[in-house]
Ligand SMILES: [Zn+2]
Ligand SMILES: [Zn+2]
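Numbering (my numbering), first residue to last: 543 to 967.
See the structure below:
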């Protein structure tokens, strides 16, 4: 029988090579933008009490209904691998006493999440998100500031084709009235909807507005819009958010179809769309969630957040060819011929690394030709060679890989010479 190697679970992936470089570039860029704007990093546990998500995200959402990785541990506690980042941050805010800090508390995370979804392009069962949460401030300025920070992240990544789509989802005073109006509009038309929307009509009618099914799209354009049905408080808040955003150089559109897939949003919601090639992919989204903290057992604390998809953003970075000239960490290869030279090369390699110069060697290869082939595959700028003669003389050959020029230097000077050359290129 052939030996079977293990495979990763469906919908997961290994992140390495070029993908890992994009991943790191996105992570560094996001974390710098967040830190500079005064956000504090938070890492929460990978799993939480199942009830946190059932209550926080909402029973009727797809996430809680069909996508959670829920299990019982050996003590019989029901735990769930986190499917999203906001409920855990709110739990930490309440449990760790962050209410006693000066408000608002601005937090950010860069974490992996888990949802049992049908794997498809850019969609994984273990996926990564970068997120911002600002807790304890009801001012519309905070909404606008989160939108500005999100916009800055994509600008710093040099992603061009983005547009921010903004809507308001109303509050407990005006949303139920709007939902009634919406249900009334759809009442005689349920048979024209897709199978999912037939269910949504009963369980989560707002989601009727962001279905991508052709049948449903036609009806959406005629449906009543929530921004025309906001109460005066919501209307005033939303107007002010837009006025602030107008002050900045941010491309945005009002979009009544942005309703987000979570129950906890109130007021401002927004998505950042990639609008290249006529496509409209959401790279991330967020909004205000003034009710969530109370839903999770806390006092009334207003909050705004954002979550961005790492995989989808990296796809866009690749498409727009941003960040392709990653700095090279290794620019030196050390090659040897003979056992005495091998020992000297081993020391040279470590002297280079001690001096902070990235270098590699292949000590299992005996022939210089084989080693030079590897050096050119690695694309290094210089190869340092020690053969039998150099080992005897105490010298090293520096080979410039681009020009092919070779020069001999005393061993003691090589690290200094190389360090100078790398700095000048
Ligand atoms: Zn309202
Ligand atoms: Zn539909």
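Note that CB positions come from ideal geometry on N, CA and C, so glycine has one too.
- The count of Cβ pairs closer than 8 Å, one atom from the region 572–590 and one from the region 552–564, stays below three, leaving the stretches out of contact.
- Contact between residue 800 and residue 698 is absent: CB atoms are separated by about 24 Å, not below the 8 Å threshold.
- Not one heavy atom of ligand 2 sits closer than 6 Å to the Cβ of residue 746.
- Judged by DSSP secondary structure, residue 745 falls within the alpha helix (DSSP H) whose first and last residues are 737–745.
- Annotation for residue 693: the continuous alpha helix (DSSP H) segment containing it runs 682–698.
- Assignment of residue 825 by DSSP, reduced to helix, strand and coil, places it in the strand class.
- Looking at the DSSP output, residue 901 shares a beta bridge with 874.
- Per DSSP, the beta-bridge partners of residue 942 are 924.
- Cβ-Cβ separation between residue 847 and residue 678: approximately 12 Å, too far for a contact (criterion under 8 Å).
- For the pair of segments examined, the region 782–795 was found to touch the region 675–693: the number of CB pairs separated by less than 8 Å reaches three.
- Taking the Cα positions, residue 549 is about 25 Å away from residue 614.
- Between residue 708 and residue 794, the C-beta spacing is below 7 Å.
- Counting of Cβ neighbours within 10 angstroms places residue 662 among the exposed residues, the total staying below 16.
- Between the alpha carbons of residue 760 and residue 769 lies a gap of roughly 20 Å.
- In the structure shown, the three-state DSSP call for residue 725 is helix.
- Taking every protein chain shown into account, the CB of residue 872 has fewer than 16 other CB atoms within 10 angstroms, so this residue is exposed.
- Around the Cβ of residue 551, a 10 Å sphere holds fewer than 16 other Cβ atoms; the residue is exposed.
- Around the C-beta of residue 849, 16 or more other C-beta atoms lie within 10 Å, and the residue is accordingly described as buried.
- Residue 739 has its Cβ no nearer than 6 Å to any heavy atom of ligand 1.
- When secondary structure is reduced to three states using DSSP, residue 842 falls in the coil class, being assigned neither helix nor strand.
- Annotation for residue 712 indicates a beta carbon within 6 Å of some heavy atom of ligand 1.
- Excluding residues up to 5 positions away in sequence, 872, 873, 874, 875, 943 lie with their Cβ nearer than 7 Å to the Cβ of residue 922 in the same chain.
- The beta carbon of residue 593 sits closer than 6 Å to none of the beta carbons in its chain outside the five residues before and after it.
- For residue 617, the secondary structure class from DSSP, reduced to helix, strand or coil, is coil.
- Here the distance from the Cβ of residue 715 to the nearest heavy atom of ligand 1 is below 6 Å.
- At a cut-off of 6 Å, the beta-carbon of residue 770 does not count as near ligand 2: no heavy atom of the ligand is closer than that.
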